[in-house]
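In the numbering used here, the protein residues as written are 10 to 549.
This is the structure in structure tokens:
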């Protein structure tokens with residue numbers, strides 16, 4: 010802010026984001042001997058999607074036959090876009106990492122034989138422990154310090170700058186390597202813990218030239234009580250769903266008609282009557298206490314009283330898309346830039362389907378560990394102080410306040426509402442069709458082209474403007490990729506192409522901000538696909 014003295018740090022590695030992936034990345038980089046700074050938009054340990062709830066984990070004993078069968082099953086379910094080698098890597102890493110978590114003091118529940126059951130973590134305890142581990146490793150933590158843009162020079166990523174919500178001061182971190190662990194983008198849809206996940210990490214990385222992948226696999230909505238924000242829908246498997254006439258919904262998990270009825274403007278109700286004993290109800294409450302808070306506050310007993318449901322869009326948080334990884338150390342196409350957790354594409358382990366739950370949680374641990382170590386090794390190999398690099402800011406949309414003489418005003422709220430009108434409706438994003446997506450994309454393009462102007466010089470306005478710009482960019486990448494995949498595979502559907510096409514058993518790489526480019530990429534180890542017959546598509 011004008012008139013406020015900024016603060017500067019020099020580090021080997023800067024980690025942006027304070028969820029599980031960011032915490033693991035910071036700890037892992039510090040363990041390699043790097044000087045590490047972690048900047049979190051919220052408070053490391055309590056912000057993000059994991060902290061307020063619980064999460065399952067992808068834990069299998071080191072039995073090769075058992076693992077091979079599970080991996081093959083996952084690759085098939087993924088639409089053959091996942092890779093066996095990466096799934097095995099995650100299984101191996103999570104098994105090792107959870108032994109560490111236990112040694113740090115996490116109180117895993119034990120079975121009747123006293124064996125720790127490491128397949129579940131309670132978010133508050135888990136993230137409190139991760140904060141303590143990062144701090145003990147020597148990581149400097151900047152809480153309430155959202156990053157606004159990355160720094161760059163001719164060698165690649167060189168740090169970032171942002172603003173502190175605590176005192177209004179600008180901060181700058183100059184570093185040889187940056188790990189993007191900012192999560193996905195839920196478009197401010199009010200899901201529990203997700204309103205800090207607005208896609209800035211994706212935009213900041215794309216501004217440096219990073220590529221994305223899997224952005225078409227983002228058609229993910231989650232049920233919640235209409236009066237609540239908890240989208241952990243697993244407990245709703247204990248519920249029976251009814252339409253407003255009292256008729257039971259048919260289909261998988263009694264949810265067969267949920268999307269259709271809500272799309273038609275009708276109401277859907279649920280009651281968790283499958284938990285028909287006090288013992289079952291007590292177990293459910295103990296396993297996920299936060300799920301029940303909205304019901305308790307509303308004076309509703311969800312086991313006996315019907316309650317209205319809604320769907321909240323989870324987008325890139327429980328979808329698959331994110332920054333494209335180029336190596337095992339989670340590096341991107343930009344030197345010195347790494348990605349972890351939901352900010353990185355999960356295609357390598359989930360393919361075309363959602364990794365929500367165990368896969369995403371395990372991916373966060375694994376990629377955080379790998380990205381942190383990779384970033385540290387890269388940074389320590391540079392042989393000079395990061396503060397000597399002549400870095401410049403790389404921000405574009407929503408950063409005009411940094412430029413002298415900028416005219417007009419950036420209307421962040423108008424942009425946010427415009428994007429939400431395109432990504433929330435089931436009739437656009439869930440029931441996808443070519444003409445509807447093309448029309449929506451045209452409106453998003455027009456929104457993007459009109460986002461010039463200066464940002465008001467307040468902390469809130471500067472942060473919100475970058476959130477708005479990131480949401481608009483993410484929506485344009487999603488729909489560009491969706492139109493580029495002319496088939497139905499996993500969570501991506503197009504009405505005009507209702508079947509999977511064997512010739513499209515490849516990934517779609519997305520790049521660019523103003524002009525968006527699509528290109529195919531073969532999946533290592535998959536059957537031969539005629540990639541050479543596909544042309545790069547450019548949208549401007």
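Backbone N, C-alpha and C fix where the C-beta goes; we use that ideal spot for every residue, glycine too.
Keep in mind it's a predicted model, so treat the numbers as computed, not measured.
Annotated as proximal: residue 532 and residue 90, with beta-carbon spacing under 8 Å.
Ranking 232, 208, 168, 447 by CA distance to the CA of residue 201 puts 232 first. In this model, residue 53 and residue 28 are separated by some 7 Å (Cα to Cα). Closest option to residue 477, judged by alpha-carbon separation, among 34, 210, 41, 104: 210. Taking all protein chains shown into account, residue 307 has fewer than 16 neighbouring C-beta atoms within 10 Å of its C-beta and is therefore exposed. A distance of 8 Å or more separates the beta carbons of residue 368 and residue 47.
Per DSSP, residue 169 is one residue of the beta strand (DSSP E) stretching across 165-172.
Between residue 162 and residue 400, the gap from beta carbon to beta carbon is short of 8 Å. Taking the Cβ atoms as the reference, residue 346 lies roughly 6 Å from residue 217, within the contact range of under 8 Å. In the three-state scheme derived from DSSP, where H, G and I count as helix and E and B as strand, residue 507 is classed as coil. If you check the CB distance, residue 321 and residue 230 come in under 8 Å. In the displayed model, residue 423 falls within a helix according to three-state DSSP.
With the rule of 3 Cβ pairs closer than 8 Å, the region 451-469 does not count as touching the region 501-511. In this chain, the beta strand (DSSP E) harbouring residue 179 covers 179-189.
Excluding the 5 residues flanking it on each side, residue 36 has same chain C-beta neighbours closer than 6 Å at 142, 143, 146, in chain order.
When the beta-carbon positions are compared, residue 427 and residue 389 stay at least 8 Å from each other. For residue 65, the uninterrupted beta strand (DSSP E) run begins and ends at 63-65, by DSSP. With contacts defined as CB atoms closer than 8 Å, residue 169 and residue 384 fail to qualify as a contacting pair.
Taken in chain order, the complete beta strand (DSSP E) segments of 3 or more residues contained in the region 222-289 are 230-234, 249-252, 277-280. As far as DSSP is concerned, residue 339 takes part in no beta bridge.
Between residue 159 and residue 403 the beta-carbon gap is near 5 Å, inside 8 Å, which marks them as a contact. Note: residue 515 is bridge-paired with 531 in the DSSP secondary-structure output. Residues of the same chain with a CB within less than 8 Å of the CB of residue 314, apart from the 5 flanking positions on each side, are 280 in chain order. For residue 19, no alpha helix (DSSP H) encloses it; the enclosing beta strand (DSSP E) starts and ends at 16-25.
With fewer than three CB-CB distances shorter than 8 Å, the region 108-120 does not count as touching the region 431-440. Beta-bridge analysis with DSSP links residue 160 to 168, 402.
In the structure shown, residue 118 falls within a coil segment according to DSSP collapsed to helix, strand and coil. In the structure shown, residue 317 falls within a strand segment according to DSSP collapsed to helix, strand and coil.
In the DSSP annotation of this structure, residue 150 is not part of any alpha helix (DSSP H); the continuous beta strand (DSSP E) holding it starts and ends at 149-151.
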